[in-house]
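*Asks:*
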Amino acid sequence: MAATQETGVFTYRLDLAYEGTDFRGFARQPRVRTVQGELEKVLSVVLREDVLTTCAGRTDAGVHARRQVVSLTRSRRIDDEAAVARSLNRLLPPDVRVNRLSRAGEGWSARFSAEWRAYRYYVRTDPVSDPLGRRLVWHLGVPLDIDAMNRAAAFLVGTHDFASFCRAAEGRYSVREVREAQWRVEKAGHLIFEVLASSFCQQMVRSMVGWCAEVGRGRREASETPGVLAARSRQAAGPVAPPQGLVLWEVGYGEPEESRPGDE
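According to our numbering, the stretch in the sequence shown is residues 91 to 354, in order.
Rendered as structure tokens:
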């Protein structure tokens, strides 16, 4: 898509969604299919120059996004942002879509300007799985004690060292501020875990879900959660939930609304 000849440093924001099943995560990697790899390839075609992007949250293989945010800079202004977005969607594969392309302020970054990220994780407890939803939920197929799971989740709210809930946390900074974490019943047999934090370390949400599921099945006690945090050992938190139930729901560049978890 043609751009004007006005030059300088121009920053743009892309809001996009993707179904992550067939991707090896967001971040570009050689010789494997990733969201960033597909996006940058198409951006380079449409903008007729090599383009590098920065995302708000690097989702793992198999994880989805309802509202991922990406930033890019270039030396020429884009003349028609809506037209560029339409061109991107014509060329992108069907499991990625750009919802909006917009100009951002100087120095703005999808990653470093973000103040919070919100994720949702979907669990099904029905005895029979739904083949139509198998790519988007974790089907446990057993009853769960949601009250016990919420007691466990409550211990995770606040600023803690989440080394027990992060992949390969040793030697990495694993202190995070979790602002909200709760389970709710969407309808019979359908549970949603909603969590909002300043940022997350790798596999943190899936580890939290896995721990809460162990509590919900009666294998562990919610009261053990502070001890699991204090252990700073990935083994202490038990199994990690699979990726397909996890969705990067929203990224915030200001304070979240009070009604955030549960609103749409």
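Ideal placement from N, C-alpha and C gives every residue a C-beta, glycine not left out. The model shown is predicted, which means the values in this text are computed figures rather than measured ones.
1. Straight-line CA distance for residue 211 to residue 193?
2. Please work out which residues of its chain come closer than 6 Å, Cβ to Cβ, to residue 297, disregarding the five sequence neighbours upstream and downstream, and give them in chain order.
3. Could you tell me how far apart the beta carbons of residue 216 and residue 279 are, in whole angstroms, since I believe they sit closer than 8 Å?
4. Can you tell me which residues form a DSSP beta bridge with residue 145?
5. Name the one or two DSSP bridge partners that residue 131 has.
6. Output needed for residue 189: all residues of its chain with C-beta closer than 7 Å, excluding positions within five of it in sequence on either side, in chain order.
7. Identify every residue that forms a DSSP beta bridge with residue 215.
8. CA-CA distance, residue 344 and residue 205?
9. Pick out whichever of 252, 110, 122, 322 has its Cα sitting closest to the Cα of residue 184.
10. Using 8 Å as the threshold, is the region 172-181 in touch with the region 239-256, meaning 3 or more CB pairs across them?
11. Closest by CA to residue 163, which one among 120, 133, 152?
12. Return helix, strand or coil for residue 284, following the three-state DSSP convention.
13. Starting from the N-terminal side, write out each stretch of the beta strand (DSSP E) that is 3 residues or longer and does not extend beyond the region 226-274.
14. In its own chain, which residues sit with a C-beta less than 8 Å from the C-beta of residue 333, not counting the 5 before and 5 after it?
15. Could you give the DSSP three-state label for residue 301: helix, strand or coil?
16. Which two residues bound the contiguous beta strand (DSSP E) that contains residue 336?
17. On a CA-only basis, which of 287, 100, 155 is nearest residue 196? Give me that one, please.
18. Specify, as a first and last residue, the run of the beta strand (DSSP E) that residue 174 falls within.
19. Taking 6 Å as the limit between beta carbons, can you name the residues of its chain near residue 315, skipping five residues before and five after?
20. Determine the extent of the beta strand (DSSP E) in which residue 194 is found, giving its start and end residues.
21. Report yes if the C-beta distance between residue 103 and residue 147 is below 9 Å; otherwise report no.
22. For residue 284, which option in 209, 159, 119 has the closest C-alpha, if you only look at C-alpha atoms?
23. List the endpoints of the continuous alpha helix (DSSP H) containing residue 321.
24. Quick one: Cα of residue 182 to Cα of residue 128, how far?
*Replies:* Straight from the coordinates:
1. Cα-Cα distance, rounded: 31 Å.
2. Correct list, in chain order: 255, 327, 330.
3. Indeed they touch by this definition, with Cβ atoms about 4 Å apart.
4. Beta-bridge pairing links residue 145 to 160.
5. Answer is none; residue 131 lacks a bridge partner.
6. 105, 106, 107, listed in sequence order.
7. Answer by DSSP bridge pairing: none, since residue 215 is not bridged.
8. Taking the straight line joining both Cα atoms gives about 6 Å.
9. Closest in C-alpha terms to residue 184, from the list 252, 110, 122, 322, comes 110.
10. By the C-beta criterion, the region 172-181 is judged not to be in contact with the region 239-256, since fewer than 3 inter-stretch pairs fall below 8 Å.
11. Nearest to residue 163 by C-alpha distance, out of 120, 133, 152, is 133.
12. Strand at residue 284.
13. Runs of the beta strand (DSSP E) lying entirely within the region 226-274, each at least 3 residues long, are 248-251 in chain order.
14. If the five residues before and after residue 333 are omitted, its C-beta is found closer than 8 Å to the C-beta atoms of 110, 150, 151, 152, 153, 296, all from its own chain and listed in chain order.
15. Look at residue 301 here: in three-state DSSP terms it is helix.
16. Here the beta strand (DSSP E) through residue 336 covers 336-342.
17. Ranking 287, 100, 155 by CA distance to the CA of residue 196 puts 100 first.
18. Note, residue 174: premise wrong, no beta strand (DSSP E); alpha helix (DSSP H) at 171-181.
19. Within the same chain, and ignoring the five residues on either side of residue 315 in sequence, the residues whose Cβ sits closer than 6 Å to its Cβ are 242, 245.
20. Element bounds for residue 194: 186-194.
21. No.
22. Comparing Cα positions, the closest option is 209.
23. Per DSSP, residue 321 belongs to the alpha helix (DSSP H) from 315-321.
24. Taking the straight line from one Cα to the other gives about 7 Å.
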